[in-house]
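Mapping of the sequence shown onto mature numbering (1 follows the signal peptide of the UniProt record, and there is no 0): residues -22 to -1, 1 to 115, in sequence order.
We treat Cβ as the ideally placed atom computed from N, Cα and C, and that holds for glycine.
To keep things clear, I will list the structure first and then write my remarks on it.
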Amino acid sequence: MARMQLIALLALFSACVLLASGQGVAAVNVTFELDKLVNFGEGFVVAGNVDELGNWDPAQAAFMTVTGDRFWTVTVDLEADTTVEYKPVKIEYDTRDVIQWLSGSNLKYTVPSEGPAYAYFEFPSSVEENLRIKRIV
């Protein structure tokens, strides 16, 4: 009987540790996608209002990788059933120095309760293109 109580106590302790550390919260794999051709040596990060997106610090933000010459992706685990704010940031690929933040309001994404999930966004080349995208969305 003492062994069963010890096992139950250990299980309860483990659950408390997971909840206290945030690891007990359901997470969803969210892949951010961007189709954009950039100059050699440039790249993108996704910065946002959560730890996984660097808390708005481009140096800590989710680093996107490129397939081919223009299809950028990054997958992060985000807390299920939450809304995150984010923006793509064009950077110097090697140093992460900021070239350009997406202009306008922060983008918002509501994380579903289950995944995987995808968030596609555009990074306009000009103010006119940015206005066109805002009208479509």
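- By the Cβ-count criterion, Gly21 is buried, with 16 or more other Cβ atoms from all chains shown falling within 10 Å of its own Cβ.
- Thr88 is the residue among Ala95, Thr88, Gly46, Glu100 whose C-alpha sits nearest the C-alpha of Asn27.
- According to the DSSP assignment, Phe101 belongs to no beta strand (DSSP E), since it is labelled neither H nor E.
- Classified as exposed, Glu70 has fewer than 16 neighbouring CB atoms from the shown chains inside 10 Å of its CB.
- Cβ-Cβ distances below 6 Å link Tyr64 to Val24, Gly26, Leu31, Leu85 in the same chain, with the five nearest sequence neighbours on each side left out; the list follows chain order.
- Bridge partners of Ile69 according to DSSP: Gly21, Val76.
- Between the alpha carbons of Val54 and Glu100 lies a gap of roughly 18 Å.
- Counted as a single uninterrupted DSSP element, the beta strand (DSSP E) harbouring Lys86 occupies residues 85 to 88.
- Residue environment: Leu15 is assigned as exposed (fewer than 16 neighbouring CB atoms within 10 Å of its CB, all protein chains considered).
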